[in-house]
Structures are given as C-alpha cells and as structure tokens.
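I have placed the structure first, in the form of structure tokens, so that the comments after it can refer back to it.
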DNA sequence: CCAAAAGTGTTCCCACTACACCCATGT
DNA sequence: ACATGGGTGTAGTGGGAACACTTTTGG
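Protein chains in written order, with our numbering: chain P, 355 to 626; chain C, 355 to 626.
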C-alpha cells in the first residue's frame, strides 16, 4: 500500500524566502546539500523531474539542505516530499559529489544565487552561507508518474518532466549527477524492486516490458522477458485482465514482494 | 607499475596537533569527514587496517577531514597516503553516512575527542569545531599488504591489521561503515580489477583463488575458478613457475589490463 | 617413497537466445 | 472483416556446477 499525504510546504511566500536566506545557516548544515534525481515513467518514456528557479535560465534537479538535527535519509525524504507531495518513496543514495570545478569554486554559485533570490531583495555576498562551497549527496527516487502532484515552491518558476534522452544542460554539475544516477539505476534494475515504484499496483506485461526497455535503452523479446521475470519471481500473474479498447485484454500482474525480498538478500546489493 | 612515494605527514608533533585543534576549522570543512576501509590480504585472510588513538579504548577506521579547496577524491587519497604512505591506490567511494545516532548527537563525540586529544592539553568544548555533528563519506581501498608501511601519526598509539571475521567493536558507527564497505567490495568483485591491488604483480592461481574465497567468504572449485577467470580474460597465464618448497611449482599469472578494462566498460558499474 | 600441493577434462543442467503464429477485442 | 496488439512454445547453445585422478617437488 502506498500512502499519499499532503505535507507542509517549504518556501511559499516572500517572508519564508527571506527567512531562509537570512537565517538558513541556523537551521541547515553548511557545505552540504542533497540533490534528487526523480525518475518517473509515462507514455513509454523514462523521465526525470526538473525545476527552474526564478531568474535562472537553466534547469535544476530538486534539492535542498540538511537540518542540523536531521538524519541524512530523513532529509532526502523531506526535501522530496516538499517538491512532490509524495512520501514513502523508494529513495536510494548513490554518490556524493565533491570533485567537479563548480563544487570547488564558489564564484558561479554566488552569481547564480543572486539571480535566483532576486525576488527576495537580499544580496548574497561572498561571505553569505549560500555562497559556501557545497558538496552534494545524490539520491535517486522512483515515482509513479501519475500519482505525483507537483506544487511548485514560491521560488520555482517552472517544472517539467523531461525524457532522459532529451535532458538539456542543467545548472552546476547536475548533468553529471543525473548520469551517475542513471548508471546506478540500470545496474540495480534486476536487484531492486525498481518497477514497484514506477508502475501502478497492478500492471500489464507490456507495461513493465516497455518500462525495462526505457530504462535500459534497448529492446527485449516479449516471450523471453516474461519468462525471465517469472523465473526471477519478482512478478506474479493475476487472474484478471485489463480492458484496453479494441484489442485483446492483457493479463494483470503484481510484484511478488516476498520473492523480491529474497532476491534482494541474495544479490549482495551495493554497486558503484 | 605501482609507484611508492614517501609523502609528508600530518600531525607528528605536539605543535602540529595543537595547531590542528586550534586552527583546523580554518583549513577543513566542518561537518564532513572521510573514513577509509583499507583492505589488505595476507596469509589467506582478508584484513582491514585499524588505528587506535591516544586515550581511546576502541579502534577506528583511518579517517580525516576535507580541506576547503580540495576535491573530495583528492582528500581521500591524501588522508590515506598520510596513514599508509601509499599513493596511486585503488580507492572507491561507496556511501555517505549521516543517519546513525552518533552522527546526530554530538555529546559522545565531544567526550571521545577530549580523551583523544588530551595529549595536546587543549579542552574541546561543546562549541569547538571538532564537536560538531559530522557526516562521513566512506571510501574503501585495496592495498598490497606487503608493500604497506604504516607510520603512525603522533596521535596514533597503535595500529593493527585485523581479519574481517574478527573485527572488534569500533568507535562511532565504524562497524556499520565497514559492513557496507564489505558488501560493496563483494558486489563489485567481478566488475573491478580488485585483485590487482591486493596481490603482487605476479601471483599463482592458488593465491588469487584463496583471495576470492576470503573476500566472498565461501569456497570455489579450483578447476572452475581457473576456467572462469581465464574466460573473463582478467588474468593471463605466464610461462614461469614459482618455487614453493617441497611441492609442485605453480604457474605464475598476471592481470590482463587490456581485457580487464573492456570487462569494466561492459559491466555498467554502479551498485549500492 | 612419501606427503603435500598443483595441474587438468568431462558431463550435466539450467538459463538465455532466437524465432512466428494464433487469439481477442472493438469498430 | 479487419486492424491492432497480446498471448504463447520450442529448439539450440553456452556458461556454470559437480566431480577425481595424476604430476611435481623436496625431504
């Protein structure tokens, strides 16, 4: 059962924004952020969620800061729920970024922030906490595309789901973060119950088939794919069908959680 | 060719220690550390390097802080070279730890530090930079056990190579870090040229066979193991043998770097 | 000659691949 | 009836697992 809550937002008024800029250093750890690569699936395409902040040209991954007394994983969940209203997401840490030039040199960051935060009428100086060098912990999330309701924050001018094959240049090193997330997702595809979070509870074989093709960027034989998924025991066929218009009704399947967990334990897990 | 350099040390005098405690916050990013799990192989056992700091009962993983203008990967290499004198190590980031109680609550840390730094005669207050909440980025390293020369820092009372099956309770959440490192190592064993860094340049089949058994904690059939390694193309048999006393002389093998790289590119890489 | 360790080949089975025709449904 | 998409089985192949005897060497 997936639970959907409506949660409290983050910065949805000019006052909250100014408070964030002026007092954020009292609330958040400096030098550390979290960036989330949110994968969604729709229309046979694998997409990611991008945000564009006020005054910036480039798109960004949704991200945020860690509170002083907050666990890292908890922070990732909070940040994501602030952007998507989804909780109980599948969320996986995959790498911490601290090498690219943008993460060593703070000039561009200061510049960017000044544009983004122009709405607040508060200048971000070189000494300001937001101008600090910041390392970023990358998490990827998997969401059921149709259940996500994006409620942009005050600072977010625009958001978009974009196909992973048509991702524009992003701010900072976010393209690099995305690339690594995608690599990780692909390598973990058969070890984690990936589809569980990208598909509705009941789905058809063609649906999960297309999903795997979209994620891995290649094609699979229908018959062999079904055999493999059943042999691995990650999905189970139901005795129901779905009506899909003027065509034969496909069977419905569900993820077999008991078996999936066994598969997970067997495959040692971690990758790079 | 592996290169061994002697590098500059870190804290090898009371003066440097006091300087570190008093002025470290000017040199290092706060709230962030790096911990390294150094795997070494000897006597058919997989071991890790542990340090014990002055005044502490428990053992620690070698670790350190990131300089303000230093890349994260560079910091990991620097920290490790300060402890082992080895450079050009295989070093792999595997997870960032920020959830366990010790990483949320700074009391114990302050307490520990006061014992450890007693040598310096400088009290670590609750406001001191070393008492801050600290997240840690985990790296694991693989070293050729016989080439490592440990030169303990001033603060390090003792060091030890301990079998991974006999690891005592460590400080902070270091046992958790070790567990995750080991999981990662195991899952990446056939994708990375792991053995390259744990064995001498030329090695016998029984040697690499025992290494794999030690890492994975289970046994493999000699004949099948050889077939698999040769089929994967990661090792190549030489026309030399090694004298090993009153027994048949085993052939020597080397890693086939050309082929290993191909294998690496093929296998998507990342895991967690 | 003996003890200890290394070298080597075959069989079996399962998992993955390739491949094409029939069925169901709504218009 | 037909167009569209879904469902299904078989044969071949290659890689992994199981398995035991012979050879080398120094003492």
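Each residue gets a CB set at the ideal place from its N, CA and C atoms; glycine is no exception.
Candidates the options: which alpha carbon is nearest residue i's?
i                      : options                    : result
residue 507 of chain P : P/470, P/376, P/492, P/421 : P/470
residue 550 of chain C : C/371, C/378, C/438, C/612 : C/612
residue 481 of chain P : P/474, P/472, P/475, P/465 : P/465
residue 582 of chain P : P/499, P/453, P/559        : P/559
residue 442 of chain C : C/488, C/430, C/523, C/478 : C/430
residue 455 of chain C : P/411, P/584, P/427, P/456 : P/427
residue 349 of chain P : P/412, P/401, P/413, P/418 : There is simply no residue 349 of chain P to check, as chain P begins at 355 and stops at 626 in what is shown.
residue 497 of chain C : C/547, C/374, C/595        : C/547
residue 412 of chain P : P/523, P/554, P/599, P/534 : P/523
residue 540 of chain C : C/602, C/502, C/571, C/375 : C/571
residue 505 of chain P : P/433, P/396, P/602        : P/433
residue 510 of chain P : P/396, P/601, P/437        : P/437
residue 483 of chain P : P/557, P/602, P/380        : P/380
residue 448 of chain P : P/573, P/534, P/457        : P/534
residue 525 of chain C : C/423, C/376, C/445, C/457 : C/457
residue 453 of chain C : P/445, P/474, P/503, P/423 : P/423
residue 376 of chain C : C/474, C/445, C/521, C/501 : C/474
Given this structure, state the Cα-to-Cα distance separating residue i from residue j, to the nearest angstrom.
i                      : j                      : result
residue 495 of chain P : residue 394 of chain C : 35 Å
residue 369 of chain P : residue 369 of chain C : 49 Å
residue 607 of chain P : residue 587 of chain P : 12 Å
residue 451 of chain P : residue 604 of chain C : 45 Å
residue 519 of chain P : residue 590 of chain C : 39 Å
residue 371 of chain C : residue 472 of chain C : 11 Å
residue 610 of chain C : residue 575 of chain C : 22 Å
residue 527 of chain C : residue 385 of chain C : 15 Å
residue 421 of chain C : residue 382 of chain P : 20 Å
residue 359 of chain C : residue 435 of chain C : Note that residue 359 of chain C scores a pLDDT of 32, beneath 50, so its modelled location is shaky and nothing firm can be said.
residue 499 of chain C : residue 515 of chain C : 9 Å
residue 415 of chain C : residue 403 of chain C : 7 Å
residue 707 of chain P : residue 593 of chain P : With chain P running from 355 to 626 in the structure shown, residue 707 of chain P is simply not present.
residue 363 of chain P : residue 531 of chain C : Below a pLDDT of 50, predicted positions are generally treated as unreliable, and residue 363 of chain P, at 40, falls in that range; no measurement from the model is reported.
residue 425 of chain P : residue 459 of chain C : 10 Å
residue 467 of chain C : residue 568 of chain C : 35 Å
residue 626 of chain P : residue 599 of chain P : Because the pLDDT of residue 626 of chain P is 29, which lies under 50, any placement of that residue in the model is unreliable, and the number read from its coordinates should be weighed accordingly. Going from the Cα of residue 626 of chain P to the Cα of residue 599 of chain P covers about 44 Å.
residue 538 of chain C : residue 596 of chain P : 41 Å
residue 440 of chain P : residue 398 of chain C : 49 Å
residue 374 of chain P : residue 400 of chain C : 49 Å
residue 555 of chain P : residue 562 of chain P : 11 Å
residue 602 of chain C : residue 543 of chain C : 29 Å
residue 487 of chain C : residue 478 of chain C : 14 Å
residue 517 of chain P : residue 585 of chain P : 31 Å
residue 545 of chain C : residue 552 of chain C : 15 Å
residue 521 of chain P : residue 529 of chain P : 8 Å
residue 476 of chain C : residue 367 of chain C : 15 Å
residue 573 of chain C : residue 503 of chain C : 31 Å
residue 444 of chain C : residue 444 of chain P : 31 Å
residue 361 of chain C : residue 536 of chain C : Confidence at residue 361 of chain C is low in this model, with a pLDDT of 33, below 50, so the placement of that residue should be treated as unreliable; the coordinate-derived value is given next. Near 28 Å, if we compare the C-alpha coordinates of residue 536 of chain C and residue 361 of chain C.
residue 396 of chain C : residue 557 of chain C : 13 Å
residue 512 of chain P : residue 485 of chain C : 41 Å
Output the boundary residues of the beta strand (DSSP E) element that contains residue i.
i                      : result
residue 384 of chain C : 382-396
residue 609 of chain C : 605-609
Checking the sheet assignment: what are the DSSP bridge partners for residue i?
i                      : result
residue 512 of chain C : C/406
residue 498 of chain C : DSSP lists no partner for residue 498 of chain C.
residue 490 of chain P : P/387, P/451
residue 413 of chain C : C/524
residue 517 of chain C : C/401
residue 446 of chain P : P/494
How is the alpha helix (DSSP H) around residue i delimited, first residue to last?
i                      : result
residue 424 of chain C : Careful: residue 424 of chain C lies outside any alpha helix (DSSP H) and carries neither H nor E.
residue 567 of chain P : 559-570
residue 590 of chain C : No alpha helix (DSSP H) holds residue 590 of chain C; the beta strand (DSSP E) holding it covers 589-595.
residue 599 of chain P : Unbroken run through residue 599 of chain P: none, as it is neither H nor E.
residue 579 of chain C : 576-586
residue 551 of chain C : 549-552
For a test of your reading of the model: does the CB of residue i fall under 7 Å from any non-hydrogen atom of the ligand NAD? Yes or no.
i                      : result
residue 389 of chain C : Questions concerning the ligand NAD fall outside what the structure shown contains, since it holds no ligand whatsoever.
### Message
Would you call the segment 484-501 of chain P in contact with the segment 371-391 of chain P, where contact means no fewer than 3 C-beta pairs closer than 8 Å?
### Response
yes
### Task
Pair every Cβ in the segment 405-417 of chain P with every Cβ in the segment 569-580 of chain P, then say whether three or more of these pairs are closer than 8 Å.
no
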